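Read in order, the letters of the sequence shown are residues 297 to 694 in UniProt numbering.
Cβ coordinates follow ideal geometry from the N, Cα and C atoms, glycine included.
These numbers were taken from a predicted model, which means no experiment stands behind them.
What follows is a single structure, written as C-alpha cells, with notes after it.
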Amino acid sequence: MKGSYDTFMRKEIFEQPESLTQTLRGRLVKKSTGPATSDGTGSGFTSVFPLNDLDMDDVPFEVQLGGLNERMSDIRRSNRVIFVACGTSYNSCLAARQTMEELAELPVSVELASDFLDRRCPIYRSDVCVFVSQSGETAETLDALHYARSHHALTVGIVNCVGSSISRLTDCGVHLNAGGEIGVASTKVYTSQVVVIIMMALLLSSDSRSKDARRAEILRGLAQLPSRVEATLAAVDEMMKTTAHKLKDQQSILLFGRGYQYATCLEAALKIKEVSYVHTEGIHAGELKHGPLALVDDKMPVVLFASCDATATRVHNALSQVAARGGLGRMIIVGCDGDAEVMRYKDSATLVLVPQVVDCLQCVLNIVPMQLLSYHLAVARNLNVDQPRNLAKSVTVQ
Ligand code: UD1
Ligand code: F6R
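Printed below as a string of C-alpha cells:
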C-alpha cells in the first residue's frame with residue numbers, strides 16, 4: 297500500500313531509514329559470554345543494533361551474517377571474488393568493490409551478468425561468485441549462476457526476495473530484508489545491497505587485527521546510517537523538487553564522480569533516465585579529458601559528487617575544468633555539509649549538502665538526493681513514476 301504517498305517510488309525512497317534498519321537488524325553484534333540470544337545472532341553474540349551514537353563508542357562490535365557462517369572459511373580461502381548482477385544491482389557491487397578489496401585483500405571483479413555470459417568468463421573451483429539481485433529471478437543473473445555452478449565455483453546470493461531462484465540455488469547467501477519493492481526503479485534495495493556487501497567485507501576481514509580501527513570506523517558508520525539517511529531526506533526533498541523544475545526541459549544531464557562516487561554517478565544516471573526519460577551519462581571524473589569534456593558547455597547541466605575522501609583534490613580539479621567551460625551556474629554539486637572546499641561554491645553553483653559519514657558509506661547518502669531528483673523530474677514531466685515505459689520490475693527473459 298502506498299499510504300500517504302503518491303507513488304511507490306516516493307514511498308520506498310522515504311522508507312530507507314527503516315529498510316536499512318531491517319537490513320542491519322541482528323547483524324551488528326557484540327561478543328558475549330551469555331547464552332544464545334533469540335534474535336538470530338546465535339550463541340555467543342548479542343545484537344547491538346539499533347543503538348544510539350553515544351553507546352557505540354563504548355561497545356566493540358562485529359558483523360554477524362548467519363547465512364554465510366558455514367562457508368566463511370571457504371570464502372576467505374578463495375582466489376578471487378566475482379560479483380555478477382544487472383542494472384542497479386550491478387551499480388551496488390561497484391559502489392562496494394573498493395571496500396571489499398581493501399578489507400578482504402582478495403582480487404574483486406564486478407561483472408554485468410549479460411557480458412559475463414557473452415564472454416564465457418573463465419571460472420574455477422577456487423572462485424567465489426556472488427550474485428546480487430532484488431528479485432532473485434533476473435534471467436541473465438540466474439543463467440550466470442547456472443554457469444558458475446557448472447564450473448564448481450562457490451556461489452553466494454545477495455537477494456531481497458526470500459525463496460527466489462537465486463536465493464534457493466546459491467550455496468549460501470544473505471537476504472537483504474529491505475521489504476517488498478514495488479516501484480520499477482530500485483531505490484531502497486540499492487542502499488541495502490551496498491550495506492550487505494560492505495558487511496560481507498567486514499566479516500571477511502574480521503581476523504585481521506591490523507584492520508581493527510578501520511573496521512570500527514565502518515561499523516560505527518553502519519549503525520549511524522539510518523538516522524543520517526533520515527536527515528538527508530528531510531534536508532534535500534524540497535530542494536530536489538525545485539531543481540527538477542529547473543531541469544525538466546533539458547535534453548541531457550552529465551554526472552561526474554570518482555572513487556566511491558563513481559558508482560553513485562552511474563546509479564544516479566540510471567535512475568534519472570529510467571523514470572524521467574532525460575538522457576543522462578554517469579562519467580568517471582578521471583575520464584573528462586579523454587572525451588566527455590567535449591560535451592561540456594555553458595548550457596549542459598552537470599552534477600558533480602564532491603565528497604571529502606582521498607579523491608577530493610582530484611574531484612575539485614575536475615570541478616575547475618568543468619567550471620572553466622561555461623561557469624558554475626548550471627552545476628549541481630553534491631557534497632558534505634560543513635566541507636569548506638564545497639562551501640566555496642555556495643553562491644555560484646547549486647549545492648546539495650548531505651551529512652558526512654565514513655568515506656565508503658557516503659555513497660548511500662549521496663544517492664538519496666538523486667533518487668528524489670529522478671522522482672521529481674518524472675512528476676514534473678507528467679510521467680508514470682512507478683511504471684516507466686518499456687520496463688518491467690522483474691526481467692525473467694533475456
Ligand atoms: C535467518 C532467517 C531469519 C531469522 C534468523 C534468525 C530466513 C529467510 N531468515 O536470517 O528470519 O530471524 O535466521 O536465526 O529464514 N541464502 C542463500 N542464498 C541467498 C540468500 C540466503 O543460500 O541468496 C541462505 C543463507 O545461506 C541462509 C538462509 O538462506 O542459510 C537464510 O539467509 P538469511 O535470511 O540472510 O539468514 P539470517 O540473517 O541468519
Ligand atoms: C533499475 C532497476 C534495474 C534492476 C535490474 C536487475 O532501477 O531496478 O536495473 O536493478 O533489472 O534486477 P534485479 O536486482 O531484480 O536482479
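As the crow flies, the alpha-carbon of Pro684 is around 31 Å from that of Gly587. Under the three-state reduction of DSSP, Phe357 is assigned to coil, being neither helix nor strand. Per the coordinates, the alpha-carbon of Glu577 lies some 15 Å from the alpha-carbon of Ile628. For Ala381, the enclosing beta strand (DSSP E) stretches over residues Arg376 to Ala381.
Along the region 450 to 494, the beta strand (DSSP E) occurs as fully enclosed runs of 3 or more residues at 450 to 455 and 468 to 471, listed in sequence order.
Between the alpha carbons of Val611 and Ala602 lies a gap of roughly 6 Å.
Taken through DSSP and simplified to helix, strand or coil, Met627 comes out as strand.
A contact between stretches requires three or more CB pairs, one per stretch, nearer than 8 Å, and the region 485 to 495 meets this requirement with the region 314 to 329. Here Val452 is not near Thr434, since their CB atoms are 8 Å or more apart. In this structure, the beta-carbon distance from Ile419 to Ala449 falls below 8 Å. Distances from the CA of Cys632 to each of Ala400, Cys417, Asp655 and Ala620 were compared; the closest alpha carbon is that of Asp655.
Boundaries of the alpha helix (DSSP H) harbouring Asp411: Ala409 to Asp414, taken from the DSSP string. Listed in chain order, the non-local C-beta contacts of Ala474 below 7 Å within the same chain comprise Ser315, Gln318, Thr319, Asn456, Lys484, Val485 and Ser488, local neighbours out to five positions each way being set aside.
For Leu402, the three-state secondary structure derived from DSSP is coil. Rounded to the nearest whole angstrom, the C-alpha separation of Gln557 and His442 is 32 Å. Thr576 sits in a strand when the DSSP states are folded into three classes. Beta-bridge partners assigned by DSSP to Gly553: His580. Within the DSSP bridge table, the entry for Cys425 names Ile378 and Thr451 as partners. It is roughly 41 Å from the alpha-carbon of Ser504 to the alpha-carbon of Gln617. Non-local beta-carbon contacts of Leu500 in its own chain, meaning distances under 7 Å to residues more than five positions away in sequence, involve Ile371, Arg372, Leu399 and Ala400 in chain order. For Ser374, the closest of Ala381, Pro403 and Thr384 by C-alpha to C-alpha distance is Pro403. Gly479 sits buried, since 16 or more C-beta atoms from the chains shown fall within 10 Å of its C-beta. Membership of Phe304 in the alpha helix (DSSP H) is indicated by the continuous run Phe304 to Phe310. Rounded to the nearest whole angstrom, the C-alpha separation of Val693 and Met639 is 48 Å. In this structure, the CA atom of Ile568 is about 28 Å from the CA atom of Ser460. In this structure, Thr384 has its CB closer than 7 Å to one or more heavy atoms of the ligand F6R. With a cutoff of 7 Å, Val660 does not count as near the ligand F6R, since its C-beta is closer than that to no heavy atom of the ligand. By the criterion of a C-beta distance shorter than 7 Å, Glu436 is surrounded in its chain by Cys382, Ala409, Ser410, Leu413 and Gln694, once the five residues flanking it on both sides are discounted. In this structure, Leu518 lies away from Leu364, with their beta-carbon atoms at least 8 Å apart. Of the residues assessed, Val458 falls on the exposed side of the cut-off, its CB having fewer than 16 other CB atoms within 10 angstroms.
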